[in-house]
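Notes follow once the structure below has been shown.
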Amino acid sequence: MKSGEHLVAAEFRTDDAEDVAMRPQTLDEFIGQHHLRDNLRVFIKAARGRGDALDHVLFHGPPGLGKT
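So for the sequence shown, my numbering puts the first residue at 20; every next one is plus one.
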């Protein structure tokens, strides 16, 4: 790696478009885990009602499931 080169960059790259197109934009676009999505929806609504950030949430699972 060159000096001053960053592994993560803020600017959008053309190869990022595929990732963005495949990512769900709403909770309704996630498949399965209905009870967990409902709980998460309540947490998000409560945080918005308080005008605050969502409390800490930990997503657990094997790599490649889109937890980020």
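C-beta atoms are modelled at their ideal positions from N, C-alpha and C, and glycine is treated no differently.
Helix, strand or coil: which one does DSSP assign to residue i?
| i | result |
| --- | --- |
| K86 | coil |
| E30 | coil |
| F62 | helix |
| R56 | helix |
| L46 | helix |
For the alpha helix (DSSP H) that contains residue i, what are its first and last residues?
| i | result |
| --- | --- |
| G70 | No alpha helix (DSSP H) contains G70, which DSSP labels as neither H nor E. |
With distances taken Cα to Cα, identify the nearest neighbour of residue i among the options.
| i | options | result |
| --- | --- | --- |
| H75 | P43, H53, E30, L59 | L59 |
| L55 | H79, L26, A66, D71 | H79 |
Could you check whether residue j and residue i sit closer than 9 Å to each other, using their CB atoms as the reference points?
| i | j | result |
| --- | --- | --- |
| L77 | I63 | no |
| G83 | R42 | no |
With a threshold of 8 Å (Cβ to nearest heavy atom), would residue i be considered close to the ligand ATP?
| i | result |
| --- | --- |
| E30 | You won't find the ligand ATP in this model; it holds no ligand whatsoever. |
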